[in-house]
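The opening position of the sequence shown corresponds to residue 135 in our numbering, with each subsequent residue numbered one higher. Glycine is no exception: its CB is placed at the ideal position from the N, C-alpha and C atoms. Model, not experiment: these values are computed from the prediction.
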Amino acid sequence: MAGLYGLTHNQIDHILIDKRRHTSIVDIRTFRDADCNSDHYLVIGELRERLSVAKRVEQQVNITKFNILKLKDEEAKQNYQVEISNRFATLESSDEVEKELDVNSVWKNIRDSIKIAAEQSIGYYETKKKKPWFDEDCCMVVERRKQTKLKFLQDPVEEKRDNYFKERREASRTFRNKKRGYLKEKLNEVETNSKNKNIRDLYKGIKEFKNGYQPRVNVIKDENGDLLADSPSILNRWKRFCATTKCT
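Printed below as a string of structure tokens:
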């Protein structure tokens, strides 16, 4: 933490760890260039944890969803109908030639045709950002604040300190205005859905305001209280739980 004029620096940020685990600390460093809009400096410690049992955690597969809301648009709806009709027409002509296909092969062809038609006509849902209001203007403000801070750290004089504080206030003001504008736009969208009797989008917008951002948790506990993270173990745990509940 820097003093009033940047001439003195007080070491007030530390990492606290239990005495019997102090050998797990590999390295501790202070990053003065990290811009977190604070007088404090970022302290990062590298730890080496010793686990008694190493469990394999499989990589989670991201499930993509088709943007079915585009089907409300007449042009997108017609494009999808034409695309799926052409796909099925081609599939029927190929089935007449290959009549010896089994049920699984036929279903696979139908499924792939539907997926390809939907992918080319309506596409997928776009991943939502945690802060949708954070645009290019915010990035420029953050970059200016960062550069001003670096100049102040290199030469801690009163003029550069004032410039740094000025950029901090400007950045906070920009973030606040952007967030207010985004919330106002979302409220207007909810009001419009209410007037147009668009119940699905209305409750979806209300749910976003009510719950906010909630991280998705993909772990459960087994009979012994240990965490299970991989998909096969989670499915087997639910299978045992349902079988036990059904029997009781």
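Return the chain-ordered list of same chain residues with a C-beta closer than 7 Å to the C-beta of S247, the five sequence neighbours on each side being excluded. Cβ neighbours of S247 beyond the five flanking positions: R221, F222, L225.
Let me know the secondary structure DSSP gives F268 once reduced to three states. coil
8 Å Cβ cutoff met for K338 and W267: no
For I159 and G179, what's the separation of their Cα atoms in angstroms? 7 Å
Best match in N171, L181, V291 for proximity to R155 [C-alpha to C-alpha]: Distances from the alpha-carbon of R155 to those of N171, L181, V291 put L181 closest.
Can you name the residues that DSSP bridges to R163? I178
Given a threshold of 16 other Cβ atoms within 10 Å of its Cβ, counted over all protein chains shown, does A305 qualify as buried or as exposed? Burial call: buried.
Three or more C-beta pairs closer than 8 Å, one from the stretch 283-292 and one from the stretch 251-262: is that the case here? no
Contact check, N297 vs T282, beta carbons under 8 Å: For N297 and T282, yes; Cβs fall inside 8 Å.
Less than 8 Å between the CB atoms is what I'm expecting for L205 and Y214, so what's the real figure, rounded? 7 Å
Suppose the cutoff is 7 Å on Cβ atoms and the five residues either side in sequence are ignored; what does the same chain contact list for C272 look like? T308, F309, K312
How many angstroms separate the CA atom of N352 from the CA atom of L362? Going by the C-alpha atoms only, they are around 9 Å apart.
L284, DSSP secondary structure in three states: Judged by DSSP in its simplified three-state form, L284 adopts helix.
Count the other CB atoms within 10 Å of the CB of R279; is the residue buried (16 or more) or exposed (fewer)? buried
What residue range is occupied by the uninterrupted alpha helix (DSSP H) comprising F200? Neither: F200 is in no alpha helix (DSSP H) and is coded neither H nor E.
Comparing C-alpha positions only, which one of S255, H148, N332 sits nearest to E208? When C-alpha distances from E208 are compared across S255, H148, N332, the shortest belongs to S255.
How many Å lie between N201 and E270 at the Cα? 26 Å
Helix, strand or coil, according to DSSP, for I244 in the structure here? helix
Fully enclosed by the stretch 314-369, which alpha helix (DSSP H) runs are 4 residues long or longer? 333-345
Could you pull out every residue in the same chain whose Cβ sits closer than 7 Å to the Cβ of E192, ignoring the five residues on either side in sequence? With a pLDDT of 49 at E192, under the threshold of 50, the predicted position of this residue should be treated as unreliable, though the coordinate-derived value follows. Here the set comprises D364, S365.
Cutoff 7 Å; reference N327; Cβ partners in own chain excluding five residues on either side: The beta carbon of N327 sits closer than 7 Å to the beta carbons of D335, L336, G339 from its chain, once the five residues preceding and following it are set aside; these are given in chain order.
Does the distance from the C-beta atom of D167 to that of L284 stay below 8 Å? yes
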